[in-house]
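The following block contains the structure:
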């Protein structure tokens with residue numbers, strides 16, 4: 156890690172910080188083979204639902220419909 160900082164390359168430092176900030180999630184994938192695929196899939200469903208409505212004006216009703224359809 157210190158060698159990376161001493162070399163002076165900005166790109167290496169950015170990659171090092173990114174890995175350092177997310178190392179638990181990275182290791183979790185290799186230990187348990189768990190990903191955030193469920194969250195990504197749910198996000199895609201919400202986006203598709205929003206696209207069907209062509210914009211949301213009443214947030215309470217939107218969350219109500221979302222809870223009834225996907226809960």
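Residue numbers (this note's numbering): 156 to 226. All C-beta atoms, glycine included, are put in the ideal place defined by N, C-alpha and C.
query: So for residue 220, helix, strand or coil by DSSP?; result: helix
query: Specify the secondary structure class of residue 187 as computed by DSSP and reduced to three states.; result: helix
query: Out of 221, 163, 187, 169, which has the shortest C-alpha to C-alpha gap to residue 206?; result: 221
query: With residue 211 and residue 217 assumed to form a contact (beta carbons below 8 Å), what rounded beta-carbon distance in angstroms separates them?; result: 5 Å
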